[in-house]
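K.L.:
With numbering that gives the first Met the number 0, letter number 215 in the sequence shown gets 214, and the count goes up by one each step, no holes. Even glycine gets a Cβ: it sits at the ideal position worked out from N, Cα and C.
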Amino acid sequence: MYFMKRLSVVFMLFFALACNNAGNQNTVKKDSVFQISAAAYQQEIKGKKVDLFLLTNKNKMSVFISNFGGRIVSVNVPNKTGGFTDVVLGYDSLQHYFNRKENYFGALIGRYGNRIAKGKFQLDGKTYQLAINNPPNTLHGGPTGFHNQIWDAKKLDEQSLELSYVSKDMEEGYPGTLTVKVLYHLLEDNSIAISYQATTDKKTILNLTNHSYFNLNGAGSGTINDHLLTINADKFTPVDSTLIPTGVFADVVGTPFDFRKPRAIGDSVNSSSEQIQNGKGYDHNFVLNRKSSSDMELAATVYSSISGIKLEVFTREPGIQFYGGNFLDSSLLGKKDLHYGFRTAFCLETQHFPNAPNESSFASTQLIPGKTFETKTIYKFSVQ
Ligand code: BGC
């Protein structure tokens with residue numbers, strides 16, 4: 000029975016990946032076989048089973064997720080040729096997630112997405128010190144953040160996977176036992192909905208997100224500077240040279256950060272503006288224009304005319320980190336040994352603002368016992 004189940008996952012993988020397409024910089028190939036073996040993800044770590052899970056819908060869109068870090072490994076979406084393009088960066092095997100330079104491909108991020116200045120924050124007069132893994136700051140929950148944890152996985156049906164993780168009191172320096180549940184749901188309209196829930200037994204802070212790196216022409220297919228980006232934000236949060244927000248909300252008007260109308264990512268990415276220099280390109284949190292504080296609203300849209308693929312991001316969060324892949328470099332080998340070079344992927348991480356625990360003017364990221372933290376983000380794909 001177990002063997003049959005494994006065999007069917009392997010079959011599904013090859014079926015979905017046979018429809019897959021890596022694309023290249025100027026054209027999109029209709030079909031190109033991309034081989035990934037579920038076995039390359041099956042391993043027992045610290046008594047927990049790591050596996051690769053496949054979600055598919057009636058349009059044959061497929062999403063592969065590993066419970067190692069709750070990572071989205073591959074997302075195969077229809078392109079304008081009638082074939083499929085794998086639009087996220089990742090690795091061919093679990094092992095590569097342990098020994099390659101980029102740590103966050105596709106991962107669930109927690110307890111705190113993005114940076115906390117000098118790894119310090121206070122709660123009720125007590126100072127907490129976190130690991131400094133991005134000197135002089137803490138980044139993405141620290142070295143053993145949620146991206147490096149083995150989540151419990153329950154496949155609910157062909158289109159949904161539930162992941163859960165209990166983060167112990169003071170794990171990575173954060174107070175409270177935090178119980179987190181994340182539901183990945185592939186919808187019939189080619190959306191991936193990610194729903195997050197968390198509770199704590201002591202007052203704590205949290206900021207959960209997903210860190211997928213996208214290239215709408217296919218992972219490893221060259222620059223994203225030609226992609227057209229729209230961000231529904233009149234303001235962004237400028238940063239210092241260590242990428243900590245200064246606390247100011249700056250107008251995007253007349254700056255390289257004005258993406259209120261579709262604009263090529265590369266238009267101003269080499270500007271000499273201080274903010275672009277501080278981010279080494281785009282690595283900034285945008286303050287989303289919101290009509291309500293909790294409804295799902297459109298935050299950003301990205302489109303590539305090469306593949307014809309459009310990505311829309313909807314969220315309940317107040318902010319989005321637009322990161323343009325400035326720290327990628329071509330020594331990084333991804334799936335199929337393709338090079339993941341400088342600015343060949345972008346991230347749109349829905350979130351509360353970086354360093355909010357130390358900025359009283361930013362929306363609070365505190366969670367208290369008895370309350371349930373809930374948020375949701377949708378990545379919706381279509382062809383235009
Ligand atoms: C950060 C970048 C960082 C990247 C790591 C982004 O969320 O803003 O500064 O290099 O994550 O993958």
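Under the rule that 16 or more other beta-carbon atoms within 10 Å means buried, what is A152, buried or exposed?
P.N.:
One-based indexing of the sequence shown puts residue 152 at position 153. Buried, by the Cβ-count rule.
K.L.:
Are N66 and L162 close, meaning C-beta to C-beta below 8 Å?
P.N.:
The sequence position of residue 66 within the sequence shown is 67, counting from 1. The sequence position of residue 162 within the sequence shown is 163, counting from 1. Contact: yes.
K.L.:
Rounded to whole angstroms, how far is the Cβ of T208 from the Cβ of L366, which I believe are closer than 8 Å?
P.N.:
In the sequence shown, residue 208 corresponds to position 209, counting from 1. In the sequence shown, residue 366 corresponds to position 367, counting from 1. Separation of the CB atoms of T208 and L366 is rounded to 15 Å, and the pair is thereby denied contact status at 8 Å.
K.L.:
Within 10 angstroms of its Cβ, does A21 collect 16 or more other Cβ (buried), or is it exposed?
P.N.:
Taking the first residue of the sequence shown as 1, we reach residue 21 at position 22. With a pLDDT of only 37 at A21, under 50, the local geometry of the prediction cannot be trusted, and the value read off the model is given with reservation. Flag for A21 reads buried.
K.L.:
How many Å lie between I377 and L185 at the Cα?
P.N.:
Looking up residue 377 in the sequence shown gives position 378. Looking up residue 185 in the sequence shown gives position 186. Straight-line Cα distance between these residues: approximately 10 Å.
K.L.:
Let me make sure I understand the geometry here. Which of L228, H226, I149 and Y173 has the alpha-carbon closest to that of A385?
P.N.:
No answer is possible for residue 385: it lies beyond the span of the chain, which begins at 0 and ends at 383.
K.L.:
With which residues is Y164 paired in a DSSP beta bridge?
P.N.:
For the purposes of this step, residue 164 is taken as residue 165 along the sequence shown, with counting starting at 1. Looking at the DSSP assignment, Y164 forms a beta bridge with V179.
K.L.:
To which residues does DSSP link S293 through a beta bridge?
P.N.:
Locating residue 293 in the sequence shown gives position 294, where the first residue counts as 1. S293 is not bridged to any residue.
K.L.:
Once you ignore the five residues that flank Y40 on each side, which residues in its own chain have a CB closer than 8 Å to its CB?
P.N.:
Residue 40 sits at position 41 when you count from the first residue of the sequence shown. The residues are V49, D50, L51, S65, F67, V72, S92 and L93.
K.L.:
In chain order, what residues of the same chain have a beta carbon less than 6 Å from the beta carbon of N206, not counting five sequence neighbours either side?
P.N.:
As a first step, residue 206 is located in the sequence shown; it is residue number 207 there, counting from the start. Around N206: Y111, G112, Q350, H351 and T364.
K.L.:
Spatial neighbours of N23 within its chain, please: CB distance less than 6 Å, with the 5 preceding and 5 following residues excluded, ordered by chain position.
P.N.:
If you number the sequence shown from 1, residue 23 lands on position 24. Caution applies to N23, whose pLDDT of 42 falls short of 50 and renders its modelled position unreliable; the value that the coordinates give is listed next. Cβ neighbours of N23 beyond the five flanking positions: S220.
K.L.:
Measuring only the C-alpha atoms, how far is I264 from G324?
P.N.:
Your numbering for residue 264 matches position 265 in the sequence shown. Your numbering for residue 324 matches position 325 in the sequence shown. Looking at the two C-alpha atoms, the distance is approximately 11 Å.
K.L.:
S360: buried (16+ other C-beta within 10 angstroms of its C-beta) or exposed?
P.N.:
Here residue 360 refers to the residue found at position 361 of the sequence shown. Exposed, because fewer than 16 other Cβ atoms sit within 10 Å of the Cβ of S360.
K.L.:
Residues in its own chain within less than 8 Å of D239 by CB, not counting five upstream and five downstream?
P.N.:
Your numbering for residue 239 matches position 240 in the sequence shown. Hits under 8 Å: T245 and N277.
K.L.:
For the alpha helix (DSSP H) containing G278, name the first residue and the last one.
P.N.:
Stepping through the sequence shown from its first residue, residue 278 is reached at position 279. That run of the alpha helix (DSSP H) goes E273 to G278.
K.L.:
Could you tell me which residues DSSP puts in a beta bridge with K100?
P.N.:
Reading the sequence shown from its first residue, position 101 is the one you call residue 100. Note: K100 sits in no beta bridge, so no partner.
K.L.:
May I ask which residues mark the beginning and end of the beta strand (DSSP E) holding D282?
P.N.:
In the sequence shown, counting from the first residue as 1, residue 282 sits at position 283. Taken as a continuous stretch (DSSP letters only), the beta strand (DSSP E) holding D282 covers D282 to V286.
K.L.:
Please give me, in chain order, every unbroken run of the beta strand (DSSP E) with length at least 3 that falls completely inside the segment 206-253.
P.N.:
208-210, 227-230 and 234-236
K.L.:
Cα separation between L297 and F258?
P.N.:
As a working note, residue 297 is residue 298 in the sequence shown. As a working note, residue 258 is residue 259 in the sequence shown. So the alpha carbons of these two residues sit roughly 14 Å apart.
K.L.:
Helix, strand or coil for L366 per DSSP?
P.N.:
Position 367 of the sequence shown holds residue 366. Strand.
K.L.:
Go through its chain and collect everything with a Cβ distance to N354's Cβ below 7 Å, but skip five positions before and after it.
P.N.:
Counted from its first residue, the sequence shown places residue 354 at position 355. R114, I115, A116, I243 and P244.
K.L.:
With a threshold of 8 Å on Cβ separation, who are the neighbours of R289 within its own chain once the five nearest residues in sequence on each side are excluded?
P.N.:
Position 290 of the sequence shown, counted from the start, is the residue given in the question as residue 289. So the list reads E296 and P317, once near-sequence residues are dropped.
K.L.:
Grouping DSSP H, G and I as helix and E and B as strand, with all else coil, what is F145?
P.N.:
Along the sequence shown, read from residue 1 onward, the residue named residue 145 stands at position 146. Looking at F145 - three-state DSSP - the assignment turns out to be helix.
K.L.:
Could you check if V32 is buried or exposed, using at least 16 other CB atoms within 10 Å of its CB as the buried criterion?
P.N.:
Here residue 32 is taken as the residue at index 33 of the sequence shown, counted from 1. Its pLDDT being 34, under 50, V32 is placed unreliably in this model, and the value from its coordinates should be taken loosely. Classification for V32: exposed.
K.L.:
Within 10 angstroms of the Cβ of F97, are there 16 or more other Cβ atoms? Answer buried if so, exposed if not.
P.N.:
Residue 97 sits at position 98 when you count from the first residue of the sequence shown. A residue is called buried once 16 or more other Cβ atoms fall within 10 Å of its Cβ, and F97, having fewer, is exposed.
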